[in-house]
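One structure is given below, encoded as structure tokens.
There are 2 protein chains.
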Amino acid sequence: MTQTSDQPSPIQPARGNQVKRQKWWGWGADGDKPYAVHNKPKFPAFAQEVLGVDILAKPLQTPDFSALDVPASILGDELRQRLVEAVGADNVDTGDELRVIHSYGKGVRDLVRVRRGQLGRVPDAVVHPGNTDEVQAVMEAALEADAVVIPYGGGSNIVAALEAEPGEQRQVLSINMGRMNKVLEIDEAAEIALIQAGALGPDMEAQLNEEGWTLGHFPDSFVWSTVGGWIATRSSGSQSDKYGDISEVTRGLQMVMPAPAGDAERTQLLELRPLPSYSSGPNVREMVLGSEGRLGIITQAWMQVHKLAPVREVQAYFYPNYEAGLKAAELIAHSDVRPMMLRVSDANETKFSMANGSKSSSKVSHYSNKAVQKLMEAKGWDLDQICISFVGFEGSAVHVRYAKGAVNKIVRSQGGMNVGKGPGTLFDQKKYDIPYIRDFLLNIGVPADVSETATPWSRTVEIHTETVKAATKAWEEAGTRGFIMCHLSHSYHAGACQYFTFAIADDSEQNMRTYDQVKRAVQDSFMAHGGTVSHHHGVGEEHSPWMAQDISEGGVTIQKALFDGVDPGRNLNPGKIVHDGKPGISSNSEDA
Amino acid sequence: MTQTSDQPSPIQPARGNQVKRQKWWGWGADGDKPYAVHNKPKFPAFAQEVLGVDILAKPLQTPDFSALDVPASILGDELRQRLVEAVGADNVDTGDELRVIHSYGKGVRDLVRVRRGQLGRVPDAVVHPGNTDEVQAVMEAALEADAVVIPYGGGSNIVAALEAEPGEQRQVLSINMGRMNKVLEIDEAAEIALIQAGALGPDMEAQLNEEGWTLGHFPDSFVWSTVGGWIATRSSGSQSDKYGDISEVTRGLQMVMPAPAGDAERTQLLELRPLPSYSSGPNVREMVLGSEGRLGIITQAWMQVHKLAPVREVQAYFYPNYEAGLKAAELIAHSDVRPMMLRVSDANETKFSMANGSKSSSKVSHYSNKAVQKLMEAKGWDLDQICISFVGFEGSAVHVRYAKGAVNKIVRSQGGMNVGKGPGTLFDQKKYDIPYIRDFLLNIGVPADVSETATPWSRTVEIHTETVKAATKAWEEAGTRGFIMCHLSHSYHAGACQYFTFAIADDSEQNMRTYDQVKRAVQDSFMAHGGTVSHHHGVGEEHSPWMAQDISEGGVTIQKALFDGVDPGRNLNPGKIVHDGKPGISSNSEDA
Chain U
536 MTQTSDQPSP IQPARGNQVK RQKWWGWGAD GDKPYAVHNK PKFPAFAQEV
586 LGVDILAKPL QTPDFSALDV PASILGDELR QRLVEAVGAD NVDTGDELRV
636 IHSYGKGVRD LVRVRRGQLG RVPDAVVHPG NTDEVQAVME AALEADAVVI
686 PYGGGSNIVA ALEAEPGEQR QVLSINMGRM NKVLEIDEAA EIALIQAGAL
736 GPDMEAQLNE EGWTLGHFPD SFVWSTVGGW IATRSSGSQS DKYGDISEVT
786 RGLQMVMPAP AGDAERTQLL ELRPLPSYSS GPNVREMVLG SEGRLGIITQ
836 AWMQVHKLAP VREVQAYFYP NYEAGLKAAE LIAHSDVRPM MLRVSDANET
886 KFSMANGSKS SSKVSHYSNK AVQKLMEAKG WDLDQICISF VGFEGSAVHV
936 RYAKGAVNKI VRSQGGMNVG KGPGTLFDQK KYDIPYIRDF LLNIGVPADV
986 SETATPWSRT VEIHTETVKA ATKAWEEAGT RGFIMCHLSH SYHAGACQYF
1036 TFAIADDSEQ NMRTYDQVKR AVQDSFMAHG GTVSHHHGVG EEHSPWMAQD
1086 ISEGGVTIQK ALFDGVDPGR NLNPGKIVHD GKPGISSNSE DA
Chain D
536 MTQTSDQPSP IQPARGNQVK RQKWWGWGAD GDKPYAVHNK PKFPAFAQEV
586 LGVDILAKPL QTPDFSALDV PASILGDELR QRLVEAVGAD NVDTGDELRV
636 IHSYGKGVRD LVRVRRGQLG RVPDAVVHPG NTDEVQAVME AALEADAVVI
686 PYGGGSNIVA ALEAEPGEQR QVLSINMGRM NKVLEIDEAA EIALIQAGAL
736 GPDMEAQLNE EGWTLGHFPD SFVWSTVGGW IATRSSGSQS DKYGDISEVT
786 RGLQMVMPAP AGDAERTQLL ELRPLPSYSS GPNVREMVLG SEGRLGIITQ
836 AWMQVHKLAP VREVQAYFYP NYEAGLKAAE LIAHSDVRPM MLRVSDANET
886 KFSMANGSKS SSKVSHYSNK AVQKLMEAKG WDLDQICISF VGFEGSAVHV
936 RYAKGAVNKI VRSQGGMNVG KGPGTLFDQK KYDIPYIRDF LLNIGVPADV
986 SETATPWSRT VEIHTETVKA ATKAWEEAGT RGFIMCHLSH SYHAGACQYF
1036 TFAIADDSEQ NMRTYDQVKR AVQDSFMAHG GTVSHHHGVG EEHSPWMAQD
1086 ISEGGVTIQK ALFDGVDPGR NLNPGKIVHD GKPGISSNSE DA
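Protein chains in written order, with our numbering: chain U, 536 to 1127; chain D, 536 to 1127.
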């Protein structure tokens, strides 16, 4: 193994510098197939029942970019010249569409605003550095010009972490990391890989897979999120129970950051070597994790990798109700075995999944299997309360057999039943589809969003019950219909993450106010019932109003000390995480 | 479960406010039995062979406290009055012996200096707060008086983190947390416990055990270290492979810290609720972990606990050489099973362990079993290179059998052999004895110390070989004899910690110079071969000279921003971790 260096040889040749981009008005690339509603025989009736909407009324169409009034770039000649020197003219882009794409992430508010032509503070240039030296040169130029620097990975952020502050008078640069997309090195003995920050999930995983490895990090945003973005937001993937949160996967990293006042240079490199564990003072790696661009630009990282498991299996289970599923999850988390994934859907999400089945899925699914239904009825289960659960197993055949045996015993102890591998196979195929459904629903006037929280096991039932209640009250007070569903998504020894998805049937111009009321009710409920403001989506601008409740005023003092000390000029993605007295999401909707 | 509060009911009544203290001149309490050299038939010959010293020459005796010239306290009446108001007159102590005890930790340099009467900047008072409010009142008074505040747990620190800066002109307070020693609450569903920061290992573990729980945190300092001390130094225990480093065990915490400039109050509380995981910006919990008193005083913490395992077993193995043992450890860490402990001694440490056996130990030990020796010889092993390894298993009987089977298979694949439970039982009994041997050896003119590091698996052999070489070169250059031994102590997916113990046969007045040369050679070797400056002993003053190499200049910038922002007056244990241009351990020895 060699050490981190600025110019390592990639394991394979560059795959071209064509940076993949999402479309400006929705999730995914231009030309991606929209949600296949016509292949979902049960979904229209379900949507009619729970939201009172006709989802077939209005087919999704590409909005007209030319209708947008894109503010002109204020990039000055001097900074432009410096940037061109740093990365080459081809990699400094001031085109309108690219700047609009880089104005926002892909939260529902982002899509509403961009589709309505509410563009906010569009960046003045999109810069594409190709290596660490270029990132350093770009930051040097930006600090010299007192410009604002916002790192950009796959653009899938949903907490308003990618947008400049409204009214920002300085030049704003969005730094697209997409050219830095290589797995540079694999240390086979240590099972760590050096990966560039701009590598999108599938590109990175393909490079690892070719050599027999996996990162094991599969967030729902996988297709449109990057290694650097995962680190910057403290991401967690669907298989974190085995592979760990990104904070546990990241072993070392490199970041371009400002130099302290008085230094000859304006920037310096943070170089954290790959280490399994250490006691070198307050953990700097953990300060970069979740820093959302406020400390610098992450350029590459040493990440734990694992040999592709010989056996991989996702088993499905049904429980008579969500409480039984949560209890089983708790017992599994406290048992001697650790599955690679443990997911329990509440009754609403179970119904949604059943309704969202495609024409062909009944072949492999047991959702609608008459025999399973009869068995549930025979057990006296209320079919309105049943919950589906997926448990993933990986390892040697012996290990999978052992772990599955232990889990099955726990499931049975809580009255659950195993229904085999069919639904798990389907789940694996569809797991990245949700944002397309979200975009489809938005088109017919149904804004939908997600909020997730983590609590100790002792509060999982409480926070679920109370959050559903709070959201329902909020949309009722707003005079709309709504739907909320949830699944337990990540398990730990001390507790679990629950992931809520909610939708409101409000196609009015004021629907972002209604959305805010529901979103605020959900987040307030998290705070009131021992939850965290966010488990893996980060803070951005959207969650910052809850930070003092989440980590206490003392925690905010500590984070401010860190940001202000490292970036006294507020050049690095200012206003995110802790912001200076500005209101939170409500202001965004009032802007809108 | 109820939430963190300032005045929770303890699970059991207070066990009295008598704070346990170590003796001023060595490890452990006054009256502890010294190292039982007369019960170690093989040890004198071993010491003669490797160091050329007669360890029976000079029996350990208590040095004379009255020979010390203890600097007078400069505690002023005003601050004294405020402290008495805060904690009561009984809990503000300016007595000489107590102040001397609180001047240093228990590193070898500390003991040398205190025994030689080199007392440094002795604190002016030892304050014993009894709850969070009292800690807050003490810090309020200290900041008002511009005094220095140094938190003190069990006093076992070995990296010079407990002493005031030489020449400190301001009043210095050592804050002994020993009265805050209760397990306040156990959340059985979440498997977390709220524990006061001043609880010593055995007291805390006894309170948990009574209710059927364990923290699973057993550092070598266990008997004389506290929950708050573990958090403040990022401790790790011998069973961390199962239970995690303290950074993974700590789920929430409370800390008294300065308020930001401009606030009405001088102090504020940091309250981090117990959470399994979160993405609320840079992780504040991870900034407090390892902060060594520079951000505030930790008062209590929510810690993960586990039900006492039904089966616990430590199996012993022999390998033909250390490389084989390291390779087996790597394969175990990458396998589907995770033992609770995995320890591999190098050949020198194996010899030390064999020589350190007591008269009675051969009954349960296979160390000197003739049959085992014959078997090794039959395999063609070089008995000079053999290495002992301990692997601990915990869980249900089924799980222990499964895990043991998997481990045994890996051990055999590397040519190792299982020798049963006997040596493991002995190891468990003796695991906290090392500091008494160290104190005994110092008495006969053999300073001994420990340094540990973590690397990726790809560098475990290299860093071991090179560090042994570097230390040997250093003592040879100093014209003394020395001994160095090592064990792999903690395993992770990405790498492992190796724990070195070294001794030099130098009883001269200048022996701390020789010690420094060896210590510096060891730490320099860690830096040169991809290791961290410290795996779990922390930084203090002793390791701060290596910080820029360990975490890069950028990392030091980030830590400084944090400390300077939170504590602009440098009142909180100043000079530790990153210090302002002052030299490191060499200066200490030149003082000496």
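We put the CB at the ideal spot given by N, CA and C, even for glycine.
Beta-carbon contacts of residue i that lie in its chain and below 7 angstroms, excluding the five residues immediately before and after
{"i": "K894 (chain U)", "result": "N574, P576"}
{"i": "Q803 (chain D)", "result": "M792, A794"}
Span of the alpha helix (DSSP H), counted from its first residue to its last, around residue i
{"i": "Q671 (chain D)", "result": "667-679"}
{"i": "R769 (chain D)", "result": "Here R769 (chain D) belongs to no alpha helix (DSSP H), and DSSP marks it neither H nor E."}
{"i": "S782 (chain D)", "result": "781-784"}
{"i": "S1060 (chain D)", "result": "1046-1063"}
Residue-level contact to chain D via CB, residue i, 8 angstroms cutoff
{"i": "N856 (chain U)", "result": "no"}
{"i": "P795 (chain U)", "result": "yes"}
{"i": "L1107 (chain U)", "result": "no"}
{"i": "C1021 (chain U)", "result": "no"}
{"i": "M792 (chain U)", "result": "yes"}
{"i": "I1112 (chain U)", "result": "yes"}
{"i": "Y639 (chain U)", "result": "no"}
Start-to-end residues for the beta strand (DSSP E) that takes in residue i
{"i": "D722 (chain D)", "result": "718-722"}
{"i": "H1072 (chain D)", "result": "Careful: H1072 (chain D) lies outside any beta strand (DSSP E) and carries neither H nor E."}
{"i": "Q803 (chain D)", "result": "802-807"}
{"i": "R847 (chain D)", "result": "846-854"}
{"i": "V662 (chain D)", "result": "660-662"}
{"i": "M739 (chain U)", "result": "Where M739 (chain U) is concerned, there is no enclosing beta strand (DSSP E), although the alpha helix (DSSP H) it sits in stretches over 736-745."}
Three-state secondary structure (DSSP) of residue i
{"i": "R556 (chain U)", "result": "coil"}
{"i": "Y687 (chain D)", "result": "strand"}
{"i": "P579 (chain U)", "result": "helix"}
{"i": "H934 (chain D)", "result": "helix"}
{"i": "F962 (chain D)", "result": "helix"}
{"i": "H573 (chain D)", "result": "helix"}
{"i": "S1079 (chain D)", "result": "helix"}
{"i": "N953 (chain U)", "result": "strand"}
{"i": "F975 (chain U)", "result": "helix"}
{"i": "A699 (chain D)", "result": "coil"}
{"i": "H841 (chain D)", "result": "strand"}
Interface flag, residue i vs chain U, CB-CB below 8 angstroms
{"i": "T785 (chain D)", "result": "no"}
{"i": "E800 (chain D)", "result": "no"}
{"i": "M875 (chain D)", "result": "no"}
{"i": "P991 (chain D)", "result": "yes"}
{"i": "I766 (chain D)", "result": "no"}
Residues near residue i in its chain [Cβ-Cβ closer than 6 angstroms; skip 5 each side]
{"i": "S771 (chain D)", "result": "D780, H1025, H1071"}
{"i": "A1031 (chain D)", "result": "T995, L1023"}
{"i": "V643 (chain U)", "result": "P982, D984"}
{"i": "S1069 (chain D)", "result": "H1078"}
{"i": "A728 (chain D)", "result": "V718, I721, M838, V840"}
Per DSSP, the bridge partner or partners of residue i
{"i": "L1023 (chain U)", "result": "U:V879, U:Q1033"}
{"i": "A592 (chain D)", "result": "Note: A592 (chain D) sits in no beta bridge, so no partner."}
{"i": "L1107 (chain D)", "result": "D:V684"}
{"i": "I1039 (chain D)", "result": "D:G1017"}
Nonlocal neighbours in the same chain, by C-beta distance under 8 angstroms from residue i, ignoring five residues either side
{"i": "V899 (chain U)", "result": "With a pLDDT of only 47 at V899 (chain U), under the threshold of 50, the placement of this residue in the model should not be trusted; the figure read from the coordinates follows. Here the set comprises G957, P958, T960, L961."}
{"i": "Q538 (chain U)", "result": "Here Q538 (chain U) scores only 40 on pLDDT, less than 50, and its place in the model should not be relied on; the value that follows carries that caveat. These residues qualify, in order along the chain: R808."}
{"i": "K862 (chain D)", "result": "Q949"}
{"i": "G652 (chain U)", "result": "A602, L603, D604"}
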